[in-house]
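Enquirer:
4 protein chains.
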Amino acid sequence: MLRLDYHPAGRHFLQIPGPSPVPDCILRAMSYPTIDHRGPEFAELGLKVIDGIKQIFKTQHPVVIYPASGTGAWEAALVNTLSPGDTVLMYETGHFATLWKKMAENLGLNPEFIGLPGIEGWRRGVQADQIEARLRQDSGHTIKAVCVVHNETSTGVTSDIASVRKAMDAAGHPALLLVDTISGLASADYRHDEWGVDVTVSGSQKGLMLPPGISFNALSPKALEASKTARLPRAFWGWDEIVEMNKTGYWPYTPSTNLLYGLSEALDMILGEGLDNVFIRHNRLAEACRIAVRAWGLEIQCADPAVYSPVLTGVMTPEGIDADQLRKTIYERFDMSLGTGLGKMKGRMYRIGHLGDCNDLTLMATLTGCEMGMQIAGMKLAGSGVSAAMDYLVSQRVPFNR
Amino acid sequence: MLRLDYHPAGRHFLQIPGPSPVPDCILRAMSYPTIDHRGPEFAELGLKVIDGIKQIFKTQHPVVIYPASGTGAWEAALVNTLSPGDTVLMYETGHFATLWKKMAENLGLNPEFIGLPGIEGWRRGVQADQIEARLRQDSGHTIKAVCVVHNETSTGVTSDIASVRKAMDAAGHPALLLVDTISGLASADYRHDEWGVDVTVSGSQKGLMLPPGISFNALSPKALEASKTARLPRAFWGWDEIVEMNKTGYWPYTPSTNLLYGLSEALDMILGEGLDNVFIRHNRLAEACRIAVRAWGLEIQCADPAVYSPVLTGVMTPEGIDADQLRKTIYERFDMSLGTGLGKMKGRMYRIGHLGDCNDLTLMATLTGCEMGMQIAGMKLAGSGVSAAMDYLVSQRVPFNR
Amino acid sequence: MLRLDYHPAGRHFLQIPGPSPVPDCILRAMSYPTIDHRGPEFAELGLKVIDGIKQIFKTQHPVVIYPASGTGAWEAALVNTLSPGDTVLMYETGHFATLWKKMAENLGLNPEFIGLPGIEGWRRGVQADQIEARLRQDSGHTIKAVCVVHNETSTGVTSDIASVRKAMDAAGHPALLLVDTISGLASADYRHDEWGVDVTVSGSQKGLMLPPGISFNALSPKALEASKTARLPRAFWGWDEIVEMNKTGYWPYTPSTNLLYGLSEALDMILGEGLDNVFIRHNRLAEACRIAVRAWGLEIQCADPAVYSPVLTGVMTPEGIDADQLRKTIYERFDMSLGTGLGKMKGRMYRIGHLGDCNDLTLMATLTGCEMGMQIAGMKLAGSGVSAAMDYLVSQRVPFNR
Amino acid sequence: MLRLDYHPAGRHFLQIPGPSPVPDCILRAMSYPTIDHRGPEFAELGLKVIDGIKQIFKTQHPVVIYPASGTGAWEAALVNTLSPGDTVLMYETGHFATLWKKMAENLGLNPEFIGLPGIEGWRRGVQADQIEARLRQDSGHTIKAVCVVHNETSTGVTSDIASVRKAMDAAGHPALLLVDTISGLASADYRHDEWGVDVTVSGSQKGLMLPPGISFNALSPKALEASKTARLPRAFWGWDEIVEMNKTGYWPYTPSTNLLYGLSEALDMILGEGLDNVFIRHNRLAEACRIAVRAWGLEIQCADPAVYSPVLTGVMTPEGIDADQLRKTIYERFDMSLGTGLGKMKGRMYRIGHLGDCNDLTLMATLTGCEMGMQIAGMKLAGSGVSAAMDYLVSQRVPFNR
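Chains as they are written, first to last, in my numbering: chain A, 325 to 726; chain B, 325 to 726; chain C, 325 to 726; chain D, 325 to 726.
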């Protein structure tokens, strides 16, 4: 019989860039008894999470919570705002940007995919000037939306969304701005309203520290307006009924009650720590991780320090080292999961997640596992990344967040 | 601060027709740590639940498990098999059949909605002869699918799916047969393959005893074939990639890991008890409930004993009694949730759920709550439904299922 | 392999007079991670539960919390206050009073056991005049303590502790008053200080709704004074070090951390509902139960209405009916546990627990299980206890305790 | 309001020598609903844990499980085997040996406390020749028991119990051998029968990975025989009734049901991994820890490599460094708890726990926390203990225990 509950001695280290480790208190919250989603108690829960999630997105406008995992929220952003055959400008930042583009094609849209050549495009974020240039050419406003990934989970590179907004404004182009921050939300600074984003897409299993299963669309008034005329067929994903019923704390169809319990707990944790403190912590851990990678003499996948991800770090392995074989070694020897190289980066990198419910010692455990694993795999390291990271953390003088 | 975890003394009785009470062991299973859905452990889980759920649907063919609640699975059934403007024959059995029809419209289909007149249609299941007659007229095969609800959650009436299949065969019509058994699965006898169903839609929060959040499409080879030419846009709901990757126990995008833990536990419980025993138990409890309703001198919403639902019983309230006010009284006095009258039945009935993790004494508690609540509400009852139900249960001589 | 987590469909009804059903939120609280009982967080927990439990005992004086089950707290009360060979006056109210007396003998004390003759003593509480008379005879003050059980778990009879205090005062006797309210605390009114009790003994698994495993000694200044000269050997049970360290929220040795988490939650629940409301609820449920027993035409074990227990009701079975066989039938048919007849009452009664996390519908479920079980066992009942209990509850007009 | 469930971002590292971190699956097992400890299900649980725990102690004879924490099991060992005024030979190995001696005095025994002078006695285990010499002098057999601590939690020094047995045999002395392995059981090799121990005392919150709250006495036939004539008063701790009732899987009084659920799970984990594998893992982690301490240039409290503890390592801090201030720094900066120096070692050492549910990366996290904390505290370290420990672990080539 399958023993799901079996685990070997000691904790598994789940250091992939999501799902991130779910804190015990969230798992406990998820085990509250399921209640009637039409009953009086539910409205309290509904109103609380709807209000709280807006604070995380930094928006005054509606945020739709879907009882579906993140890929669904990608689809929702497209089908609510666009019509069959619409041209959308999408920017290639990595594997997930590529998958989103493929989804747009499947839905009958006409994505135009721009970016930097080769893997160079996977090592730097969005180049807003390319977007601006393309939009200036589009005097007929054929392009209906610009789609950008804020935090590329496949590379550890973020994109400067404010610069994209500026580029669109500079070009005087009316396209909608759709942003995926599935893996960035609640780990990396994000400002839906201030940055003028029309639809922000996110998920539960990253910075929100929940299991996968619910996802989000944060809206702008312009996006809501666009949804009135958009002609892609939609029902489950339709914003209007949800936004309307959410005013009373309910959903038009059955929401994912127990994941909403978890979300309520996650909001208490994050807003209790303070979003700014959460970002500071992520930045400190990410910096410690990059210091380790440099000390090892390895290359960080992200080639532009201005857009390092606070969520994960992509580590490029030298010629002759199969990164997936290395990950397997580390898994088997140290019970730690690391992220694989995806798409163009298959076998050439591994990804270290340092997001969500992570602290200094968990990161150090992770780095020791990587360092030992690389030694076992016979890699020659320039020096001890662990020592370098410890030096950095010692210098920081930050108490843990009580 | 919202205290989600607060509950007054004693257990809440959640006797709505879903979400049904989630057993402790399923809640515990859902609190296992979230694992990497690309790691080696996950495949074991994936293969187990994919195999197990087939046994519940009684099918040899693929069952797609969506990380989305039941309404999504309705949409999936339509968008995978149909093209814009397609005519679908839908049968009005109640509120949920009506909502499914509305969804078909929203997705750009052309539903033809047939049924019995007035509320009569909500008190009897599908009339297969009406379907046969309509299909015989459709010599050009404009109708691409027949859509039927197996267990109408809004009424407590089931439909004879085998008779629909026979009607379609008798008419020699090639339309697909799409069936919603969201609230019937694992409570009422259901046979996907034997009954020749092409797509069966179901959800987690009813007979499977899970919280809401995952849902199902059981497929036939004919449905899979149809999906190759169906032209409604789709991505998230697309069967092909999921069916392909499921062969190794994985999903193309992030599944709802912790609900799959719960599903694994639910399958152990249900297959451990034995599906036939589960059905016998549901039938016994439903019969006890109906005996009580009759003893009270009230009318059962389902007017045809051949299609009584084993999942829930709709109780019609006499003129002058607002069923929702009665439900409120019972909730406030006895901490019990009952189902409301939906759509055409608003205020004229209440629904008693007796599905899932229910046993004799829980049902008796429920009936005492109803009987006392009706007395408090000033209703004159013909007799004690509680006494009548006890007499029936005493006569049954069935040990509980150890 | 033993599957502890296995349960058949539906909830087990644990209607014994303790352990009482543990609410989910207490089980969840018990699953918080174990912390360092010498660390800074622990003191907060320690101080909270020490303060809260005093409110339950209604005392201003120290309450010692032992990491041991209730029998240990009996021993603690004796060894902290008495010396080898000391005479103690104990009153026979039932099986547990008898066990306590046996324990006193084992510890080298000289218990004098008084009471009413035959099973009559098991059907009425303490007769304070007997105690007064005996103490008046003891002019030499040989008797060092009077030991009384406040709520006899074996019978469903309480004892009037205030009357015992008055009797002792009237006799002008300096003996200590030791009271066992293991099964009464937090279900039946209890006033340690007001009633002049010197040591009150209690446990966790009854009105406090916790699993078994911790227990209590509430002290008076006189008891603390007596402990300085008492010569029975003691170490683990010794009050002095615990009382001293408790001032800072710690214990001299390892406390039962996770049960203290549960206690913290239980205190929030009980003090949140309000002790008086808890007592009112227990009295209402107990009265409903007794009304049912009378309607069945059966005898309540407690023969004096002034001392009916709000915790449990002892139901005497007629000649020719083996109460344990009946309990077995009910267990096997309805998955409900009832209490057995103990000692002198073996086979002649069963006990219905209606304490702790119980509400109207749970009690009604219990009564239907009893009534159906007795019918299956072939007992002729005078009438329906279930109907009578419903009539009573309907008349009460009390909302459940939100 | 006290928020017990609050925890800052990331896991707390509980690296004290007990309570050790409780695995999630044990916490989950402890949340199974409390059952009737007199009902049929309970016997299965009782028999399972009674049988399993014998395998852990490596004994064929009874093991008594008390619903009380470890200090109680110390008392039980003494009161079941000894009579007032009996002389017992106790050996000073550290703080806990000293506390046990104090308990013996409190219980009216006459302990004779031998050992090495000064703190030298706290840095080496039992010197069996001293015991042999003392027993040889005792030709009148005044000494009724020899009491030794197997794993001194206060120092990280074990004692060679087999050598004590040999010494007693060599002296031809009939005293009982009582051994405390509260913190050693299931982490360090232990053989109750083979080593001829008469009573072994242990607890739950160390190698068994449970919360505190239950404890153990493993018995020999000779100990059982001695209990028949031992005259210290006892009731709660009395072996005879427990041993007798345990034959059917029950206890004479209420056991700690939910901790027994946890014990059942712990036994599955430990016996599933294999006791020998558990010991190998503990030894590997302990060796890695000692290598780190030496690399730092610090002294290990245990001065005899033959008796290093696999459970914890005592680290002596240099002159001028207050070890408790250092522990506070580490707690506040890195959310890690370390053990304090006790008794004679107050402020002069800290203790690193590496027992129970621990693995390579958790140990490495711990060592990085220590190393960084010592740097922050301004200590000059000879080198990096972290690097040295990594080198050792890399060389071990042991997969984690799936």
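Backbone N, C-alpha and C define an ideal beta-carbon position, used for all residues, glycine too.
(1) Below 8 Å, can you find three or more Cβ-Cβ pairs linking the region 563-577 of chain B to the region 537-554 of chain B?
(2) Do B/S539 and B/S528 come within 8 Å of each other at the CB atom, strictly closer than that value?
(3) Which same chain residues end up closer than 6 Å to A/L532 when comparing Cβ atoms and leaving out the 5 residues on each side of it in sequence?
(4) For B/K468, report the span of its beta strand (DSSP E) as first-last.
(5) Output the distance between the C-alpha atoms of D/M640 and B/I374, rounded to the nearest integer angstrom.
(6) List the residues of chain D that C/V521 touches, going by C-beta distances under 9 Å, in chain order.
(7) Under 8 Å, Cβ to Cβ, is there at least one residue of chain C near D/T581?
(8) B/K382 and B/H474 look like a contact to me (Cβ under 8 Å); what is the Cβ gap, rounded to whole Å?
(9) Rounded to whole angstroms, what is the Cα-Cα separation between D/L413 and D/I340?
(10) For the pair the region 483-495 of chain A and the region 444-462 of chain A, tell me if three or more CB-CB distances fall below 8 Å.
(11) Rank C/S544, C/A630, C/I604 and C/G418 by C-alpha distance to the C-alpha of C/V722 and give the top, closest one.
(12) What are the uninterrupted segments assigned as alpha helix (DSSP H) that are 4 or more residues long and contained completely in the region 599-630 of chain A, given in chain order?
(13) My output table needs one value for D/I676: the three-state DSSP class, helix, strand or coil.
(14) Give me, in chain order, the residues of the same chain whose beta-carbon lies closer than 6 Å to that of C/G342; leave out the 5 immediate sequence neighbours on both sides.
(15) By how many angstroms is the C-alpha of D/N683 removed from the C-alpha of D/D648?
(16) If the cut is a Cβ gap below 9 Å, which residues of chain C does A/D348 touch?
(17) Taking the DSSP output, what are the residues bridged to B/M279?
(18) Quick one: complete alpha helix (DSSP H) runs, 4+ long, within the region 532-610 of chain C?
(19) With a threshold of 7 Å (Cβ to nearest heavy atom), would D/S588 be considered close to the ligand ATP?
(20) Please classify B/R555 as buried or exposed, where buried requires at least 16 neighbouring CB atoms within 10 angstroms.
(21) Quick one, which of D/F366, D/P441, D/L371 and D/I377 has its alpha-carbon nearest D/K668's?
(22) Is A/M660 close to chain D? Criterion is C-beta to C-beta, closer than 8 Å.
(23) When DSSP builds the beta bridges, which residues end up paired with B/A392?
(24) Please return the same chain residues whose Cβ sits closer than 6 Å to the Cβ of B/A542, not counting the five positions on each side in sequence.
(25) Would you kindly report the start and end of the unbroken alpha helix (DSSP H) that includes A/V710?
(26) For C/L662, collect the residues of the same chain with a Cβ closer than 7 Å to its Cβ; drop the 5 residues on either side in sequence, then sort them by chain order.
(27) Quick one: residues in its chain with C-beta nearer than 8 Å to the C-beta of C/T405, no 5 flanking neighbours on either side, listed in chain order?
(28) From the DSSP output, in three-state form, read off B/N434 for me.
(29) Rounded to a whole number of angstroms, what is the C-alpha to C-alpha distance between A/L609 and B/T572?
(30) Please list, in chain order, the chain B residues whose beta carbon lies closer than 7 Å to that of D/R352.
(31) Taking 8 Å as the limit between beta carbons, can you name the residues of its chain near B/I645, skipping five residues before and five after?
(32) If you draw a straight line from the alpha carbon of B/V481 to that of B/L666, how long is it in whole angstroms?
(33) Suppose you measure from the CA of C/T422 to the CA of C/Q451; what does that come to, to the nearest Å?
(34) Please report the residue range of the alpha helix (DSSP H) in which D/V635 lies.
(35) Would a check of beta-carbon distances place B/Q649 closer than 8 Å to chain A?
(36) From D/E597 to D/G376, what distance separates their C-alpha atoms?
Expert: Short version:
(1) yes
(2) Taking the first residue of the second sequence as 1, we reach residue 528 of chain B at position 204. Taking the first residue of the second sequence as 1, we reach residue 539 of chain B at position 215. Yes, Cβ-Cβ distance for B/S528 and B/S539 is below 8 Å.
(3) Your numbering for residue 532 of chain A matches position 208 in the first sequence. Correct list, in chain order: A510 and A590.
(4) Start at 1 with the first residue of the second sequence, and residue 468 of chain B comes out as number 144. I467 to V473 is the extent of the beta strand (DSSP E) around B/K468.
(5) Numbered from its first residue, the fourth sequence carries residue 640 of chain D at position 316. Numbered from its first residue, the second sequence carries residue 374 of chain B at position 50. About 56 Å.
(6) The count along the third sequence starts at 1 and reaches residue 521 of chain C at position 197. Near C/V521 there are no residues of chain D at all, since even the closest Cβ is about 21 Å away, more than 9 Å.
(7) Translated into positions along the fourth sequence, residue 581 of chain D becomes position 257. Taking Cβ atoms only, chain C reaches closer than 8 Å to D/T581, which makes this a yes.
(8) In the second sequence, residue 382 of chain B corresponds to position 58, counting from 1. In the second sequence, residue 474 of chain B corresponds to position 150, counting from 1. With a Cβ gap of about 13 Å, B/K382 and B/H474 do not count as contacting.
(9) Position 89 of the fourth sequence, counted from the start, is the residue given in the question as residue 413 of chain D. Position 16 of the fourth sequence, counted from the start, is the residue given in the question as residue 340 of chain D. Cα to Cα, the separation comes out at about 30 Å.
(10) yes
(11) Residue 722 of chain C sits at position 398 when you count from the first residue of the third sequence. Comparing Cα-Cα distances from C/V722 to each of C/S544, C/A630, C/I604 and C/G418, the minimum goes to C/I604.
(12) 599-619
(13) Here residue 676 of chain D refers to the residue found at position 352 of the fourth sequence. If DSSP states are grouped into helix, strand and coil, D/I676 belongs with the strands.
(14) Numbered from its first residue, the third sequence carries residue 342 of chain C at position 18. Closer than 6 Å at the Cβ level, and outside the excluded window around C/G342, lie S507, Q529 and K530.
(15) Numbered from its first residue, the fourth sequence carries residue 648 of chain D at position 324. Numbered from its first residue, the fourth sequence carries residue 683 of chain D at position 359. So the two alpha carbons sit approximately 26 Å from each other.
(16) Here residue 348 of chain A is taken as the residue at index 24 of the first sequence, counted from 1. Under the 9 Å cutoff, chain C gives S355, Y356 and P357.
(17) Outside the modelled stretch of chain B, which goes from 325 to 726, sits residue 279 of chain B, for which no answer is possible.
(18) 545-551, 563-570 and 581-597
(19) This structure lacks the ligand ATP; in fact it carries no ligand of any kind.
(20) For the purposes of this step, residue 555 of chain B is identified with residue 231 of the second sequence, where counting begins at 1. By the neighbour-count rule (16 or more Cβ atoms within 10 Å), B/R555 is not buried but exposed.
(21) As a working note, residue 668 of chain D is residue 344 in the fourth sequence. It is D/P441.
(22) Mapped onto the first sequence, residue 660 of chain A falls at position 336. Answer yes: the Cβ-Cβ gap between A/M660 and chain D drops below 8 Å somewhere.
(23) Here residue 392 of chain B corresponds to residue number 68 of the second sequence, with the count starting at 1. B/A392 is bridged to A/A392.
(24) By 1-based counting over the second sequence, the position of residue 542 of chain B is 218. So the list reads F381, T383, V387, H516 and T524, once near-sequence residues are dropped.
(25) Taking the first sequence and counting its residues from 1, the one referred to as residue 710 of chain A is at position 386. DSSP places A/V710 in the uninterrupted alpha helix (DSSP H) bounded by G709 to Q720.
(26) Position 338 of the third sequence, counting from 1, holds the residue named residue 662 of chain C. Counting only Cβ-Cβ distances below 7 Å, and skipping sequence neighbours, we find Q339, I340, R651, I654, Y674, R675 and I676.
(27) Within the third sequence, numbered from 1, the residue matching residue 405 of chain C stands at position 81. Here the set comprises K468, A469, L500, L502, D522, V523, A547, A550, S551 and A554.
(28) What you label residue 434 of chain B is simply residue 110 of the second sequence in a count that begins at 1. Strand, per DSSP.
(29) By one-based count along the first sequence, residue 609 of chain A stands at place 285. By one-based count along the second sequence, residue 572 of chain B stands at place 248. Looking at the two C-alpha atoms, the distance is approximately 35 Å.
(30) Sequence index remark: in the fourth sequence, residue 352 of chain D carries index 28 (1-based). The contacting residues are R352 and S355.
(31) For this step, residue 645 of chain B is matched to residue 321 along the second sequence. The answer, listed in chain order, is A701 and M703.
(32) Locating residue 481 of chain B in the second sequence gives position 157, counting from the first residue. Locating residue 666 of chain B in the second sequence gives position 342, counting from the first residue. Cα-Cα distance, rounded: 14 Å.
(33) Here the question's residue 422 of chain C lines up with position 98 in the third sequence. Here the question's residue 451 of chain C lines up with position 127 in the third sequence. The alpha-carbon atoms of C/T422 and C/Q451 are separated by roughly 16 Å.
(34) On the fourth sequence, position 311 is the one that residue 635 of chain D refers to. Neither: D/V635 is in no alpha helix (DSSP H) and is coded neither H nor E.
(35) Within the second sequence, residue 649 of chain B is the residue found at index 325, counting from 1. Not an interface residue.
(36) Within the fourth sequence, the letter at position 273 stands for residue 597 of chain D. Within the fourth sequence, the letter at position 52 stands for residue 376 of chain D. Distance between the alpha carbons of D/E597 and D/G376: 14 Å.
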